[in-house]
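Enquirer: Quick note, the sequences are listed as chains A and B, same order.
Numbering-wise (numbering that gives the first Met the number 0), the first sequence opens with residue 0 and increments by one.
Numbering-wise (numbering that gives the first Met the number 0), the second sequence opens with residue 0 and increments by one.
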Amino acid sequence: MNRDLLKFLAFAVLILLVPLAFSGGYLMNVLVFVGIHTMLAIALNLLLGYAGQISLGHAGFFGLGAYLSGVLTATYGWNPWLAMPLAAVSVGALAFMIGFPILKLKGHYLAMATLGLGIIIYIVFNETIDLTGGPSGLSGIPNLSIGSLVFDSDVKNYYLIWTITLVTVLLGLNLANSRVGRALRAVHDSEVAARVMGVNARLLKVQIFALSALISSVAGSLYAHTMTFVSPASFGFNFSVELLTMVVIGGLGSIYGSFLGATLLTLLPEFLRAAHDYDIIIYGGLLMLMVMFMPGGLVRGIPDLCRKLLKKGGAGNA
Amino acid sequence: MLEVCGITQIFGGVTALEDVSFAISKGDITGVIGPNGAGKTTLFNIVTGIYSQTAGRVLLNNSDVSGLPSEKLTRLGLVRTFQNIELFGGMTVLENVMVGLHTRSSSGLLACSLRMPWSRSEESRIREGALKWMEFTGITDLADVTAGNLPFGKGRLLEIARALAVEPEIILMDEPAAGLNSQETMELARLIQRIRDLGITVVLVEHDMELVMDICDRIVVLTLGRKLAEGTPREIQDNHEVIAAYLGDDE
Chain A
0 MNRDLLKFLA FAVLILLVPL AFSGGYLMNV LVFVGIHTML AIALNLLLGY AGQISLGHAG
60 FFGLGAYLSG VLTATYGWNP WLAMPLAAVS VGALAFMIGF PILKLKGHYL AMATLGLGII
120 IYIVFNETID LTGGPSGLSG IPNLSIGSLV FDSDVKNYYL IWTITLVTVL LGLNLANSRV
180 GRALRAVHDS EVAARVMGVN ARLLKVQIFA LSALISSVAG SLYAHTMTFV SPASFGFNFS
240 VELLTMVVIG GLGSIYGSFL GATLLTLLPE FLRAAHDYDI IIYGGLLMLM VMFMPGGLVR
300 GIPDLCRKLL KKGGAGNA
Chain B
0 MLEVCGITQI FGGVTALEDV SFAISKGDIT GVIGPNGAGK TTLFNIVTGI YSQTAGRVLL
60 NNSDVSGLPS EKLTRLGLVR TFQNIELFGG MTVLENVMVG LHTRSSSGLL ACSLRMPWSR
120 SEESRIREGA LKWMEFTGIT DLADVTAGNL PFGKGRLLEI ARALAVEPEI ILMDEPAAGL
180 NSQETMELAR LIQRIRDLGI TVVLVEHDME LVMDICDRIV VLTLGRKLAE GTPREIQDNH
240 EVIAAYLGDD E
C-alpha cells in the first residue's frame, strides 16, 4: 500500500518539476495538452481497460464538457468554477441514462452504439449554431482564475491542469485497487461469474460509464478555459479513436499506462513535424510496431525491453 | 431449504423437464444424477436464475425466487460453481477470492475513489476473509498466481474458495469432479464434506457415481426430463428403475 503512495508522490513531484526544465515556450503548451489527454485516457481506461467495455464516443463527452462550460461562461457570464462541476454532473447524468440501454450491448455492437452517440453529439455541436456558433466555433471563453490569479499563461495552466490531472491519477489508482476496481475487472474477465459473486454487473457498467463521462467532461471544461475557444472539429470521431489508441498503446488496465499513452501520442506528432509530409507515415508505422512488439502497452513493454537490454548487456560483458 | 416445485421447461417443441419436484433439506449433501440429456444442467440453470422455466416454482427458504438474476440469489445465500470453471483469469488467486466478498462489503464508487477510512478498513477485512477461505481449500501458497495460469484442479479449488467467500447458505456445484483425476476427486470429496460440516447445504450435479454414492446424504435421479427416483444412496443403488435407466432394460 505505502509503496503505491510513494510511487505516486514521486510521479507527482516529477510532473511538478517539469516546468523548471522547460520554462515557457511552445513545448509548455503541448505539455498542458498532455495533462488533459492523460485525464481523458484514464477516464476511457477505467471503462475499457478495467470494465472491458468499449467506447468510440468519448470525444463527445469531452466536447459536451467543453461546450457546456464555454456557453455558460462566454454567453451567460457564469463563474467558470460553477460551470465546470455543473457541466460534469450533467454529462455524468446523461451518460448514466444513456448507459442503461447502450451497455446491454457487447463487443462490436457496443462499439457501434457509442460511435453513433459520439457522432450525434458532434452533429449537435455543428447544427445548434445559435448556441454553439456551429462549425466556426465559440470564442471569448474566459480563463480560469483564483482571486486575482488568472491562468492565462502556459506555465500557470500547466500547474492548474496537472494539479487536477494528478488528482485524477490518484482517484483512478485508488479505484483500481479497491473493491469496485476488482468488481470491474471481474466483470471484464467473466460477467457471468461476477454476477454469481453478487456483483450487479449491469449497474456497475453504467456507473463506470457515467464516471468516465464525468471525468471526460471535466477535461473538456479545462480544455475550453485553457484554449478560450472551442470548435466541433476537436471533438469528432477521429479524436475518439485517438483516445482509444492512447489507452491501448499505453496499456489497458493501467493508470500510469494511460499517462504514458497520452504523453506519447501527444508529443510524437510534435516531434515528427520535422519530417514534413512523411510525419503521418512514420507516426502510423511507429504505432504499428508498438502494438506488434508491446502488446501489453508501453507500461508493460518498456520494463520488458529494459530487462532484455540489461540481460544482453550482461551477457556481452561476461 | 431449497424446494423445486413442478418445474417444466420446454425449448421450442422439446420438453427438457417435465413436472420435476423435490426438496433439499438444510445441512444435507444432495446429488442430482442422471444419464446424459436427463435435464440436470437445465434444472441447474433454472435454479440459479440463468433460464426462466416454462412452469413451476423455485423456493428458497420458503420464498419464491423463480427467475431472480444470479446476483440477487447470491445475496439470498445461494451460490454456484461452473462445470467449466469460470475464473477471473486476469486477476490473482487472492483477488479472485476477494471478489467473493463483494456482497459482504459495501464501499461504493465514491468511497473507493477517495479511499475513505472505512473503505480502507473494509479492504483489510476483505483480504483477511479471502485468506481464510484460501486456507480452507488449501490454495494459500498460490495467492499471487494469476488465475488464468492455474492448472485445472487448482482452478476448481479456487472457484470453490471464491464461492465460499460469499458465505452462502447453500452452494450448488455443477459437475465439480469433471476434469479431475482420482486423487483430486478424493480430495474434493473431503472438501465437500468439510463444507457441509460448516453448516452449508451442498447440491451436486455430478456424473461421477462413486463420488455421489460416497458423500451424498440424498440423491435425486432424473431421466428424460422426469424425476425417476429419490432417496439415500443405498435406496438408489437398489432401485431397479434406476439401474434400468443407466444400464438399459433387459427386454
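Glycine included, C-beta positions come from ideal geometry on N, C-alpha and C.
1) Would you check if the distance between the CB atom of B/A146 and the CB atom of B/N95 is smaller than 8 Å?
2) For B/L190, return the contacting residues in chain A, with the cut-off set at a CB-CB distance below 9 Å.
3) Take every Cβ of the segment 222 to 229 of chain B, pair it with every Cβ of the segment 10 to 30 of chain B, and state whether three or more of those distances are shorter than 8 Å.
4) In this structure, how does DSSP classify B/S20 when only helix, strand and coil are distinguished?
5) Can you tell me the Cβ-Cβ gap for A/I301 and A/A175, rounded? I've got them flagged as a contact below 8 Å.
6) Check whether chain A comes within 8 Å of B/T40, counting only Cβ atoms and requiring the distance to be less than that.
7) Please confirm whether A/M322 has its beta-carbon closer than 8 Å to some beta-carbon of chain B.
8) Taking only runs of the beta strand (DSSP E) that begin and end inside the segment 71 to 148 of chain B, which ones reach a length of at least 3 residues, in chain order?
9) B/G76 to A/A193, Cα distance in whole Å?
10) Can you tell me which of the three DSSP states A/K311 falls into?
11) Residues of chain B with CB closer than 9 Å to the CB of A/I180, please, in chain order.
12) So with Cβ pairs under 8 Å, would you call A/S177 a contact of chain B?
13) According to the Cβ coordinates, are B/L107 and B/F151 closer than 8 Å?
14) Thinking C-beta only, is A/L203 closer than 8 Å to A/V191?
15) Any beta carbon of chain B sitting closer than 8 Å to that of A/D3?
16) What separation, rounded to the nearest whole angstrom, lies between the Cα atoms of B/L246 and B/G33?
17) Could you tell me which chain A residues have their CB closer than 8 Å to the CB of B/E122, listed as they occur along the chain?
18) To which residues of the same chain is B/D237 closer than 8 Å at the C-beta, ignoring the five residues directly before and after it?
19) I'd like to know whether the C-beta of B/V165 is nearer than 8 Å to at least one C-beta of chain A.
20) May I ask you to list the residues that DSSP assigns as paired with A/D188?
21) Say whether chain A places a C-beta atom closer than 8 Å to the C-beta of B/M172.
22) In three-state DSSP terms, what is B/F10?
23) If you reduce the DSSP assignment to three classes, tell me which class A/V144 lands in.
24) For the segment 76 to 94 of chain B, which residues have a CB atom closer than 8 Å to at least one CB atom of chain A, in sequence order?
25) If distances are taken between C-alpha atoms only, which option among B/M208, B/E70, B/G66, B/I199 comes closest to B/A176?
26) Starting from A/K105 and walking both ways along the alpha helix (DSSP H), at which residues does that stretch end?
27) DSSP has A/L138 in a bridge; who is on the other side?
28) Where does A/P231 land, buried or exposed, given buried means 16+ other C-beta within 10 angstroms?
29) In this structure, does DSSP put A/V123 in helix, strand or coil?
30) Tell me the residue span of the alpha helix (DSSP H) that contains B/A162.
Expert: So, from the listed chains and residues:
1) Yes; because the gap between Cβ atoms is below 8 Å, this pair is in contact.
2) Within chain A, no residue comes near B/L190; the closest Cβ sits about 19 Å away, beyond 9 Å.
3) yes
4) strand
5) Not quite, the Cβ-Cβ distance comes to about 19 Å (not below 8 Å), so this is no contact.
6) no
7) The structure shown does not extend to residue 322 of chain A, since chain A spans only 0 to 317, so no value can be given for it.
8) 77 to 80
9) 15 Å
10) helix
11) What sits at residue 180 of chain A in the sequence shown is Gly, not Ile. Result: C111.
12) yes
13) Per the sequence presented here, residue 107 of chain B reads as Gly, with Leu not at that position. Taking C-beta atoms as the reference points, B/G107 and B/F151 fail to come closer than 8 Å.
14) no
15) no
16) 12 Å
17) S177, R178
18) none
19) True, the Cβ-Cβ gap to chain A drops below 8 Å.
20) Note: A/D188 sits in no beta bridge, so no partner.
21) Interface annotation, B/M172: not in contact with chain A, CB-CB separation never under 8 Å.
22) strand
23) Per the sequence presented here, residue 144 of chain A reads as Ser, with Val not at that position. Strand.
24) V78, R79, F81, E85, L86, F87, G88, G89, M90, E94
25) The shortest CA-to-CA distance from B/A176 to any of B/M208, B/E70, B/G66, B/I199 is the one to B/M208.
26) Neither: A/K105 is in no alpha helix (DSSP H) and is coded neither H nor E.
27) Reading off the sequence shown, one finds Ser at residue 138 of chain A, where the question assumed Leu. Partner(s): A/F228.
28) Classification of A/P231: buried, given that the 10 Å Cβ count is 16 or more.
29) Helix.
30) 151 to 164
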